[in-house]
Structures are given as C-alpha cells and as structure tokens.
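Protein chains in written order, with the numbering used here: chain C, 85 to 618; chain V, 27 to 724.
Here is the structure we will look at, set down as structure tokens.
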Amino acid sequence: MHSVPYLSLITFLPILGMIIVLALPKSQSKAIKYVTLLVTGIQVVIAALIMANYNYSLGGVFEESSFQFVEKFKWIYIDGFSWLGKIKIDYFVGIDGISAPLLLLTAIVTFIATISSWKIDKQLKGYFALFLLLDTGMMGVFVALDFFLFYIFWELMLLPMYFLIGIWGGPRREYAAIKFFLYTLLGSIFILLVMIGLYFSTQETLADGTRVFTFNMLSMMNVDNSVASGILSPLNPNNLRFIAYIALFAGFAIKIPMFPFHTWLPDAHVEAPTPISVILAGVLLKMGTYGILRISFPIFPEITEQLAWYIALFGMINIIYGALCAMAQRDFKKMIAYSSVSHMGYVLLGMASLNTMGISGAVLQMFNHGTITAMLFLIVGVLYDRTHTRDMDAFGGVAVKMPVYTGVVTVAFFAAIGLPSLSGFISEAFVFLGAFAVDLIRVLTIISTAGILLGAAYMLWALQRVYLGKLNEKWADLKDLDGREYAMFIPLILIIIFIGVYPSPMLNLMNSSVNTMVKFIADAQTIYNSFAGF
Amino acid sequence: MTESALINIAVAILFLPLLGFAVTLLLGKKVKKIYLFEVFILFLGLAGAIAIAYTKLTSLSDAELVSEFTWINLGNTPLLGEIKINLGIMIDNIAALMMVVVMLISFLVHLFSIEYMRGDPRYNRYFAYLGLFTFSMSGIVLTHNILMMYIFWELVGVSSYLLIGFWFEKKSAADAGKKAFIVNRIGDVGMFLGILMLFTTYHTFTFDEIFAQISQGVLPFNSGFWMSVTGILIFCGAIGKSAQFPLHVWLPDAMEGPTPVSALIHAATMVAAGVYLVVRVFGIMTADALVFIATIGALSALIPATIALTQNDIKKVLAYSTISQLGYMIMSLGVGAFQFAFFHLITHAFFKAGLFLGSGSVIHAMHHEQDIRQMGGLRKKMPITYYTFLLFSLAISGIPLTSGFLSKDGILAGSFAFGTLTGNQFFAIVGFFVALLTAFYMFRMVIITFHGEPRNKEKYEHAHESKAVMTVPLIILAVLSIFIWYTPNPFNPDQGWILSKGINTHEQYIPEETRYDFLVPGEAAVVEGEETGSVMYSESYEEAMHSVHVPTMILSLLMAGLGILLAFVFYQWKKVNVDRLAEKYKPLYNFSLNKWYFDELYDKTAVSGTIGLSRFLGKFDSKVIDGIVNGSASVTKGFSTFIGKFDNIVVDGFVNFAAYLSGFVGLIFRRFQTGKVQTYLVFVLLSVVILLFIFNSF
C-alpha cells in the first residue's frame, strides 16, 4: 500500500531517541532535552503526514483491506511443537478512523508534554529516556492490530509510567506509583486471560491451507474464523463469552478510569509531575475506551448490545459522581483529576448509544478531553511552579497579577464546561444527541445532562477561588506566562477553538469507521442470534 | 438592494463585533485608544442594521431571507439515517427589528461607557467584552436554527459572566457572575433537552424544517403531550435567560456589573432573548405549553414588582422592574398576544436602557453611590438626566403618549381578551395589579432620587450633570420612548407600521386540536393571513380584542394613575408616614425587603444540598471506595505471605503454575516498599508463554 512505513516510524522513533539520550553524557542536559523535543516534533510532522495521506472513505474496524498504512509481517512463528501446533504472531499495525484521531492526539500531547518537561532537573537522562519509552508504548497501542502486539505495547507503557511517577513525583509518589502500577496490572491480567482465550478460539488459514491459531484482532471479529470447540468461540454454547466480556471490560475500565475503579487516578495525578499528568490524562485514559471500541465491541458485538444499558449506566455514574467529587476537592490537581472521571463518562455514554452520533461523539470526546485536560493540568503546573501549593483556598485574585494566564485559564475552563464554540461542546452534544436517540438509554441520558450543570458549578467555583476576588498578598510578585509557557498553551487553544468552530475535519476523519462499526454491531445481532446458545 | 446584499450585510454586522472583540482584546495593552475601533465597529453595525430593517420592511416585507451552509455532514448513517447539520441566518421582520434594537442600544452603551468607565485599569478589555456580547446577541437574533440559537445563547452567557464579574476583585461581583452563569445553566439544561427532543424527532435543527414537519403532523413520540413537553423544555432556556420565576435570582445580583452593562445586557437585550426565543418557536407551543408560559410570566411579573416596592438600591429597583416587565412579555406570549410581547420587548428595551443609563448618570455623579436614601433633590443638579428619567418612568408606567403605554396596553388587552374567551381572568388581574405596583415603585424612586431635599449634602454638592457623551444617549432613548415612532394614533397602535408591517409573521404549526381555540383561524383569516403574512387568529379573538380595548385602556390608566398618586402621597407630600407603615406591617415589609427569601431558600436547599452531597461523596470516595482498594491490597499482601511459605514446600509438577501465582501476587507485594517491579515485566512475558502451554493442555 504505502511505501513509507509511517506507523513504524512514528512508533519506534522514540526508541531511537531513547538510545541517543542514553548515549549522551549526563552533563549534556540541553542536548538531551532537544533530542526529545526533536523526536516528538518529528512525530507531530509524521502524524500530520499520515492525516494528509489518509483516505476518509475507508472504514477499517474489522476489514483488513480498508485499514490504512498497514504493515504486516511475520514476527514470532514457532513451528516446533507437534502437540501445540503453530504459534503465529504477526507484527501487524494499521489505522482506521477510530485510531487516527488518537494517534494525532498522542503526537500533539507528547510534544506539548516535552515542552512542559523543560524544567525537570532531577536525573534528566533517566527521565527523558523513560519518557520516550512511554511514547513508543502509547503510539504502539493505537496502531497495533495484533492482540499480542497490542498487549506488549500496553504493558510497555506501565514500566516507564511507574518510574516517572515513582521517582519524579511528589511526596507520596511511591504509594501513588505502586497503586497505579498494581491497579493497571490487575486490569492487564484480565485482558491477558481473555486474549489467550480468544487465541485458542480463532484460527486463520495460511497460504498452504493449514489452519493456525492467531492473535489477529480482525480475525477474531469474524465468526468464520472461530473454532467451534474454542473456549471463547461464539459457536461454543457456554456463557464464557459473557464472562470474558466483563473481564475484558473491567481490564479496560480500570484505565478509563470507570467508577468504582477510579481511585488510583487522583493519587497518581496529584503525585505525578506536570508533564506526566498531562500524558496520563491526555493520552493514557483514552486507552481504556479505545480498547473497548477496538477490541470489546467488534469481537463481542452480541454482548455489547446486551450490556449497552450498563455501559451507559456507568457512563452516567462517572459523569455525575466524578463531577460531585470534583466539587468537593480543595486540591486543584485532584479537582482536575476528578473532572477527568466525569468527562470520560461522556465517552462511555456515547459508546453505549451504538449509533453514529454517539460513537463519533465518544471518539471526538476522547480527542477533546485529551487536549482540554492537558491544558488544565498545564494550568495547575504553571501555578504550582510559582507557588508550590495546589490548595485552591490559598489563592485568590491571581488574575490581577497574571492576566494573560487567567485568560488562558478561562478558555480552558469554559472548554471543559462545554461552552459552544469550543471543542468540548461538540463532542458532548454529539454524545447526548446519539444517546438520546436510543430508547433504551434515554432516561440515563437525561439524568446525565445534570453533568452540564455540575461541570459549570465546580469549574466556575474553582475559577473564582483561585483567580478572582482580592489578591492574596502572599502572591504579590507572581509573574505572568513566559515564552515557553506560551508555546505550550497556544497550540492547544488553537486546536480547541478550531474543532469547536469547525468540527467537520475531525468528524469526517472518523465517520467511515464509526459507520462501519455501528453497522457491524447492528448486523452482528442477526448472525450471532442464529447460533445455538443464543 | 437585493436579498443577497441584505444577507451579506447581516453576516458582516454579525462578525464585525467579533473582530472588534479580538482586536481590542489583543491590542488593548499596547494601543491606548483601541476602544475607539470597537465603538466605530458598533457604529457600522448600527448603520447596517438600520439599512437591513429599512429595506426589509419597505420592499421585502413578506419575504424571509435565508442563507445557510452545511456545517456537519455525516451522510447516510446506519441507524440514524441522514445526518446533516446546517447553520445559517434568517432575516424576517422580527429579526430585522431586533437587530436595530440590539445595535442601537449597544452603540449608545458604547458611547456612554467612554465616559462612565474612564480611568478603569481594564478600560479596553471592557470594550472588548462588549464586542463579544454584541456578536453573541446578534447571533441569537439572526439564527435560522435552534442549535445556533443555543450556541450563541451560551456565548451571551459567557459575555454576561465576564461583564458582571468585570470588577472581579470585588468578591460580590465575582460571586454574581458565577451565580448568573450557573442559574442560567439550569434553564439551559432544560433547553438542551428540548433540543434533543426536537433533533431526535425531526433530525434537523432548522426552524423552518421543524415547522414544516410539525405542519404535516409529525410530533415527538407522536403525541401532543410530548409536543407540549418539548415546548416547555425549550422555554426553560427563556426562564433562565429572561430571569423568570423561579430562576430570577441571578438578575438582581448581576447589578454588580458596570451600569452601562446592566443597561445593555441585563435590561434591554440579553434578558429579552428569552422572549425572542419563545417568539421564534411560538409555532410549536401548544395550549398546555402556553398556559404554563403565561403562568410563569404572570408570577414573574407579580413577585418582583412586590419586591421592588421596598428596595433602596437604585439598580436593584430597576432590576426587579426588569424581571417584572419581562414577565409581562412572557405572559403576553402565553395568552397568545404574540405581537404585543415583541412590541413591548422593543419599547421596553429603549426605556429600560434609558432608565439604567439614567441611573448610571446619577451613580456617576454621586461617586458610585447607589442607595437612593443618600440622594434627593438631584433634579436641579441634573436636569437632563432627570427629565429623561421621568419620561422613561412614565413610559414604563404606561402613561399615554409614551411608547410603553401602547405596548403595555396591548398586553393587558390580550390578557383580558384571553380571559373573556377562556373564562380564566387570572392573567388579566395580575396584569392590572402589576401596572399599579409598577407606577408606584417607579415614582417612589423618582421622587426619592430627584425630588425633595438632598439627604447627603456632601455628595450632593459634588454632583453635576454628566457630559454630553452620556446625556446624548439618554436623549436619543427618550425620544424613542414617545409614541410617534410607532404609530400615528397615541391610543391605538394597530394602524401603526410596527404592528401592521413590522411584527407580522406569526403562525402556529401544531395540530389544531392542541392549540388555543382562538389560535385556530377561520377560513377568512387564513386567506387574509396568506396574503399579508399577518396574524392568524379566529374571528372571536378579534372581536374580544376589540371589545376589551376601551375598558382596558381606562382600567390601566386608572391603575397607573393611582400608583403614581400613591407614590406622591407617600413620598412627595408625605401624607402618610411610610416608616410607621412599614413598622406596622413589618412581616410583610421584611418579606418584600428580603426578596421573598428566595436566595435564602435556594441556599438552604439546592446549594447546600449539592455541596453537602459533593462533600459526602468526596469522603465516601476516599474512605469507602479507596478504602476497599487499600484494604484488599492489605489482605492480598497477607495472603501472599502465606502462599509464599506454602510455595516453598510444593512439589515440582506444578512449579510453573504456582510460581506464576505466587510470583505475581507475592513478588509484587513483598516488594511493595522497594519498588523493584521491573522484574515483573519479564514475568508477564514469561507467563504468557507458560499460559499458552497450560491452556492448550486442557
């Protein structure tokens, strides 16, 4: 298809960067930073090239031929054990309209996070090496189409993240890091088990006519490939598929994070350094919902439909519960962390609609939340850098001293509130329009609209406590934004306004795939209903 | 001028203030005089609006000019069908008139602010915000679809938030801005739900397309009931934005903003957007929805009027009177007197903007004193302000020869006619009673502020008439508060251009059985209506309106006259000791003075309820949910220690499996403190391979 292996480039470029960083002497701190900046900058360029060459009409989702920038070759082929059969794992990457926006998001957020890392001064070399390793993991998750490969990248992210929080974090960093690690790991176990189960339920035919088990996700979506005796085969009349779905869902739900699996998030955020919070909220949370869309939905379409109401229910709980918890916080960063819980609820609600508007809204919400929440964490970081506190009640009147910064804050906060003309509104509106159209989840949708109100309440309350009112004399010599901080905020503001005013490019990017997904799930009902056991 | 030229001008004057906002905001620090750019833009906007309105009303009177583009096109989707979202603008007579009102008042407020805001450290930013507001408000006026209405609806909310909290160093101002936005959002959630209903049913946001489908009998969930619900939900937006009961509490607080802002946003234009919204979607309002609307309007007319009687802050009195007058308009819509609601919107915009600017002139002269008890005798010091203020007060009281008389009388006649047709005279009674209260509290204020002896000598000595840049807007607004601009006959506006040519598009699209009987036109009316595009009522309604015309006029004059007379008796001639009266009816007096305790009620219930719930959930989250997480971690840790020991004595056969389990659980928890988890990753990969073997051996 394409001669340039864009996806491998964008995925493994950071590894190259990591090697260079590791090779550089410790004293070359400038060089280390610039290498990282260059690598993440090139990633943005590659992402832009990918978007420029992207074919909007191709659907992807379950059909290999309509994925784009596909690279597929044999990776691990073991042919030695007669009793086991062949093990076949491909290096198989490609993108469609579901992953493309997230790939773009990852490139942008990582680049911004690099700029935000400029002030890191402790063990620079290790920090940037791990940062780049994390980068590879994130990119890999969004491009992998082989379940095994996906899992490798998924796990690959954990390790650097653990250290980045555990070494460069705040006072309770070790607790937060281990909690993050274990919690996510627990999720991984579920994913791992289901992955193995699916592996032994799916076979594909090789060129020589032999049948082999496969980790190919797309093969797992096709009933024709399933082995009737396979433990998770739709042809196998047990209810293990149901249990597997819930296990897989739980694995992903921890990452979102979905209530009640969300408590690692506030701790991780509070302790993580600003750039890592930005990445965590901007990109990592999306992997949960992405995993559900990429894997759970098309591999288990019949159960997805059965459980749609519950997905919407948890979406609703996230929206309202997250918002109320956010309202209760005094710690600025914790407040933003809980707002993420609330905003990710919209993604769940939108997905549960199983129609085009809802899922488009969900995917767009992932992108928008990524950019908006990145801004919010940067905002907290700017203030924390200057004052070394995050207690919202310790501030007041910051707007007097930092008018430009407060302007940025106002844009970000109103974007988070879902103000029309800023990006958050489009995705929230689409989620609601999609979900309201479904009889089954309409009541849940109506209750969820309370989130619109609660969001405004806690955000404006925070805005007022920190920025408005009389200046707290303690902060009389605060300085407004510097050039580097402008460089972090301006691109994000432009993106937020652009998508808010003109969302069509983003929506068109995902439209074919979302339609394919919706049709696939709707059609699957008739196919799966014909099997025994249903 | 051609239609497309009008559209182009409309688009230009829509976006020019946005340009003004951006330029003034970005260059505000560097270029001291950049605010003049914003003022100039508003001048252009006003010129454009007048050109549009003149052309529209004279040569294109019956046309509806529409220009739209496809904003989002998802094409043919699997479950929802064709999804295409168009945005666009529509100019009908109502929109054209409204644009003139918005641009004119905005321009005058810009002028007035040049002097009023002089010396403010954020002078240019103030003008930038005014530009943002004007842009957002124009968007509401010109939209041809409900989505864009909602978009600009929220944007005016933000400009209002920014301007109320303009002096954000004052906690009360910051609080008021926040309160305004959040209270408005309550209404907006309702409106948003209404929009969801409309889109789910009609798959479009465009008004005309929705109307067309309703005309063909397509209703939400195929029922008139849900049509009513949809109408009421949309109306919730108006309850918020137009500060109607029970969401009226934000408007008095919004007086924390600079006074010219109060004139523009919180009196003349933005708060009228709710009325404008209902005017736009009047065609989908069923009889049930309209009764609901009328009731809200009546309560909103009545309650604030009783509060205004005792307030001592000049702006608070005006704020409550604004709610009350908006209540009139809403009630008027509810009783089907559609034209007069919009007519009153226009006349009220002028005289209420005048009242606020007049109060601004007074406050400016009195060095930011707003308490009328500190004033008195200002008539001599500030003649222009006084006489214009007096004229505005006569207009709002509904005294003949003023514009207010014409529109208010229409509303009262409409309510009266509604009563004679339906037997429900509640709205008429409220209407007349509020007319009495209005005249009383307005003249109470006029007398205390401008008549008698100065109460605060020192402030009085310093007071002086405002500069021309402030008085000229007052004079212009005063001139516009005289009947002659609207109709040649000061007692009957029916022949005037504004009712016969201006406000003429009005039709109901819902099925006839869901309408008021009198909103079902007879054959003759339909024919006539189609020719002229004018009002479509039944003949019985026309008759009822005709028969109540004279009684209404007499009664409303009596009420207004009585109100003014009482004000003079109480405050000018002091025949009655008001303080003793207040003492005698202390509970009543306090009830009014404390605004019926609405704020306290909401604070005690909704606000503290939400905050209490959030605190509880915050604790619940950290203690219970996270407690379970930490608890299960400790349990696992204990268990793993046990397993770890057990593991040492287990035989070889299950080594791999047990190693995995204990390795996974034990290893991590044993190393909880040391953090050496990198080895685990190797374990994970190893386990995958091991698991492959195990699974396959089953």
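We put the CB at the ideal spot given by N, CA and C, even for glycine.
Note that the structure is a prediction, hence the values are computed from the model and not measured.
query	result
Amino acids of chain V, ordered along the chain, whose beta-carbon sits closer than 9 Å to that of Gln-548 of chain C	Gly-191, Phe-194, Lys-197, Ala-200, Asp-201, Gly-203 and Lys-204
Beta-carbon neighbours of Thr-230 of chain V, restricted to chain A and to distances below 8 Å	Reference to chain A is not applicable here, since the protein chains of this structure are C and V.
Sequence-distant residues of the same chain with beta carbon closer than 8 Å to Ile-104 of chain C, five excluded per side	Val-119
Those runs of the alpha helix (DSSP H) which lie wholly inside the region 537-616 of chain C and span at least 4 residues	567-585 and 588-613
Within chain C, partners of Ile-98 of chain V - CB distance below 8 Å	Pro-587, Ser-588 and Leu-591
Rounded separation between Leu-528 of chain C and Ala-396 of chain C - CA only	7 Å
Chain C residues whose Cβ lies nearer than 7 Å to that of Gly-644 of chain V	Cys-409, Ala-412 and Gln-413
Contact belief for Val-456 of chain V with Ala-345 of chain V at Cβ below 8 Å, rounded distance in angstroms	Wrong, their Cβ atoms sit about 20 Å apart, outside the cutoff.
At least three beta-carbon pairs within less than 8 Å, the region 529-541 of chain C to the region 394-412 of chain C	yes
Proximal residues of chain C, C-beta to C-beta of Ser-526 of chain V below 9 Å	What Ser-526 of chain V touches in chain C: nothing, since even the nearest Cβ is about 37 Å away.
Closer than 8 Å to chain C by CB, Val-655 of chain V	yes
For Pro-185 of chain C and Ala-521 of chain C, the rounded distance between their alpha carbons	25 Å
Opening and closing residue of the beta strand (DSSP E) in which Phe-176 of chain C lies	171-179
Nearest-angstrom Cβ-Cβ length linking Phe-466 of chain V and Ala-320 of chain V, presumed shorter than 8 Å	Rounded, the Cβ-Cβ distance is 24 Å, inconsistent with contact.
Neighbourhood of Tyr-187 of chain V by C-beta distance below 8 Å, restricted to the same chain and skipping five residues each side	Gly-203, Lys-204, Ala-206 and Phe-207
Test: Glu-180 of chain V CB closer than 8 Å to a CB of chain C	yes
Trp-511 of chain V, enclosing beta strand (DSSP E) - first and last residue	Trp-511 of chain V -> no beta strand (DSSP E), and no H or E assigned at all.
First through last residue of the beta strand (DSSP E) which encompasses Asn-112 of chain V	107-117
Contiguous beta strand (DSSP E) assignments of at least 3 residues, all confined to the region 282-316 of chain C	287-289 and 295-297
Nearest neighbour of Pro-244 of chain C, chosen from C:Ala-228, C:Phe-264 and C:Ile-383 [CA to CA]	C:Phe-264
Chain C contact residues for Thr-226 of chain V, given Cβ-Cβ distances below 7 Å	Phe-520 and Ala-521
Alpha-carbon spacing of Gly-701 of chain V relative to Phe-215 of chain C, whole angstroms	Residue confidence for Gly-701 of chain V is low, a pLDDT of 46 falling below 50, so the modelled location carries little weight; the figure read from the coordinates is stated next. So the alpha carbons of these two residues sit roughly 19 Å apart.
CB of Phe-398 of chain C within 8 Å of CB of Met-342 of chain C, strictly	yes
Residue-chain proximity (Gly-553 of chain C, chain V), Cβ-Cβ < 8 Å	yes
Strand pairing of Ala-228 of chain C, partner residues [DSSP]	C:Val-177
4 or more residues per run - each alpha helix (DSSP H) lying fully within the region 390-449 of chain V	404-407, 409-423 and 429-448
Within chain V, the residues that Ile-536 of chain C reaches when beta carbons sit closer than 8 Å	Arg-211, Asp-214, Val-215 and Phe-218
Closer than 8 Å to chain V by CB, Tyr-140 of chain C	no
Test: Met-441 of chain C CB closer than 8 Å to a CB of chain V	yes
For Ile-422 of chain V, the nearest candidate out of V:Met-392, V:Val-495, V:Thr-336 and V:Ala-331 (CA to CA)	V:Ala-331
9 Å Cβ cut-off: residues of chain V touching Ile-530 of chain C	Leu-219 and Leu-222
Under 8 Å by beta carbon: chain V residues contacting Lys-603 of chain C	Pro-104
is_contact[Ile-260 of chain V, chain C] using C-beta, thresh 8 Å	no
Residues of its chain near Phe-63 of chain V, where Cβ-Cβ distance is below 7 Å and the 5 sequence neighbours each way are ignored	Gly-46, Val-49 and Thr-50
Assumed close pair Gly-143 of chain C, Asp-180 of chain C - CB separation to whole angstroms, cut-off 8 Å	7 Å
Spatially closest choice to Lys-418 of chain C from V:Thr-256, V:Gly-644, V:Ile-349 and V:Trp-599, by CA coordinates	V:Gly-644
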